[in-house]
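Q: Right, I'll just put the structure down here and ask away after.
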Amino acid sequence: MATIYALTNQKGGVGKTTSVANLGAAFAERGKKTLLIDLDPQGGLTTSLGYNPDTFKQTVYHVFIEEIEFPQVTLETDIPNLDLVPANLDLAGAEAELLREIGWDKILPGALEPIQEKYDVILLDCPPTLGILTLSALAAANIALVPLQCEFLSLRALKQLTKIFTKTKRRANPGLDLLIFRTMYDKRTSHAKEISEEIGRVGGKKVLSAYVKRAIKVVDASSSGKPVVVYAPNSEPAGAYRSIAHELLLIEKKKEQTHG
1 MATIYALTNQ KGGVGKTTSV ANLGAAFAER GKKTLLIDLD PQGGLTTSLG
51 YNPDTFKQTV YHVFIEEIEF PQVTLETDIP NLDLVPANLD LAGAEAELLR
101 EIGWDKILPG ALEPIQEKYD VILLDCPPTL GILTLSALAA ANIALVPLQC
151 EFLSLRALKQ LTKIFTKTKR RANPGLDLLI FRTMYDKRTS HAKEISEEIG
201 RVGGKKVLSA YVKRAIKVVD ASSSGKPVVV YAPNSEPAGA YRSIAHELLL
251 IEKKKEQTHG
């Protein structure tokens with residue numbers, strides 16, 4: 001049974017999509033059958049894996065609007081154990097269409113249910129907004145996984161996201177958990193260190209110990225159409241994403257042991 005992570009942050013530029021691609025590659029590298037689902041109309045995740053979003057006639061949009069099943073829009077990437085459901089600008093119209101649907105928050109969870117036995121991990125790349133697509137992802141997920149940049153505005157974003165998480169947990173998904181990890185940490189600045197420590201204080205046990213430093217290798221990898229875990233496997237950011245994936249797997253293993 002797959003563990004479903006919704007990577008979300010309403011603030012753009014925090015490394016969310018990059019993290020989805022690299023965590024996916026890190027899980028796949030460990031032999032975990034992994035599915036990445038692009039829920040951003042910009043198709044950033046699709047692009048970061050080397051695909052042109054405009055070339056797809058069927059995408060995640062058709063799962064939401066035409067009730068096509070996920071296997072029909074899923075493609076195997078060049079990375080073993082890693083599959084992708086692409087997105088493009090068609091998805092931009094989905095929110096308005098979904099608003100007219102009764103029970104729109106049940107569409108994504110229902111569509112994911114038949115494929116959960118096929119995968120070990122499913123990663124949902126949410127758009128940088130708190131609209132219907134993000135709320136759908138939170139309704140479907142086991143864990144809301146929040147990347148936070150080590151800067152002052154991230155603390156405000158964390159408080160807003162915590163409110164959304166609490167409401168979603170109460171109204172739509174009682175089993176939803178929240179985890180946080182730090183990205184773009186610049187060890188050269190005392191400000192980043194202070195914010196990193198504050199994120200740890202505010203988030204407590206929800207904050208993962210592993211974090212990702214700011215590195216040019218990540219940018220180079222993204223422009224090459226490959227995750228840094230594949231593009232520069234021995235680099236520091238690749239190691240960081242492997243550490244985060246390892247930590248997440250340990251958390252899930254501990255849950256399984258606790259619940260028998």
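Quick note: the sequence shown uses full-length UniProt numbering, first residue 1, plus one each step.
C-beta atoms are modelled at their ideal positions from N, C-alpha and C, and glycine is treated no differently.
It should be emphasised that the depicted structure is a prediction, and the values quoted were computed from it without experimental measurement.
Rounded to whole angstroms, what's the CA-CA distance from T183 to L208? Just pull it up for me.
A: One-based indexing of the sequence shown puts residue 183 at position 183. One-based indexing of the sequence shown puts residue 208 at position 208. Near 11 Å, if we compare the C-alpha coordinates of L208 and T183.
Q: Pull up the distance between the alpha-carbon of residue 266 and that of G203, whole angstroms please.
A: In the structure displayed, the chain extends from 1 to 260; residue 266 sits before or after that span and is not available.
Q: Give the range of the beta strand (DSSP E) segment to which D83 is assigned.
A: Counted from its first residue, the sequence shown places residue 83 at position 83. Note, D83: beta strand (DSSP E), L82 to V85.
Q: If we count the other Cβ atoms within 10 Å of its Cβ and call it buried at 16 or more, is G103 buried or exposed?
A: Reading the sequence shown from its first residue, position 103 is the one you call residue 103. With fewer than 16 Cβ atoms within 10 Å of its Cβ, G103 is classed as exposed.
Q: Quickly, what does DSSP pair V207 with across the bridge? List them, please.
A: Reading the sequence shown from its first residue, position 207 is the one you call residue 207. Its beta-bridge partners are I180.
Q: Report yes if the C-beta distance between K32 and N81 is below 8 Å; otherwise report no.
A: For the purposes of this step, residue 32 is taken as residue 32 along the sequence shown, with counting starting at 1. For the purposes of this step, residue 81 is taken as residue 81 along the sequence shown, with counting starting at 1. Contact flag set, yes.
Q: Between the Cα of D78 and those of A21, Y5 and I251, spot the shortest distance and give me the residue it belongs to.
A: For this step, residue 78 is matched to residue 78 along the sequence shown. Here the closest residue by C-alpha is A21.
Q: As an exercise, report each continuous alpha helix (DSSP H) stretch of at least 4 residues that is fully enclosed by the stretch 92 to 158, in chain order.
A: 94 to 99, 107 to 112 and 132 to 140
Q: Roughly how many angstroms separate the alpha carbons of D177 and T189, rounded to a whole number?
A: The residue given as residue 177 occupies position 177 in the sequence shown. The residue given as residue 189 occupies position 189 in the sequence shown. So the two alpha carbons sit approximately 32 Å from each other.
Q: Residues in the same chain with beta-carbon distance under 7 Å from E76, minus the five sequence neighbours each way, listed in chain order, please.
A: As a working mapping, residue 76 is identified with position 76 in the sequence shown. Closer than 7 Å at Cβ, skipping near neighbours: D83.
Q: Within a Cβ cutoff of 6 Å, which residues of the same chain sit near A245, ignoring the five residues on either side of it in sequence?
A: Along the sequence shown, read from residue 1 onward, the residue named residue 245 stands at position 245. Only L23, A26 and F27 meet the Cβ criterion.
Q: Tell me the rounded alpha-carbon separation between A111 and E69.
A: Here residue 111 refers to the residue found at position 111 of the sequence shown. Here residue 69 refers to the residue found at position 69 of the sequence shown. Each residue's alpha carbon lies about 7 Å from the other.
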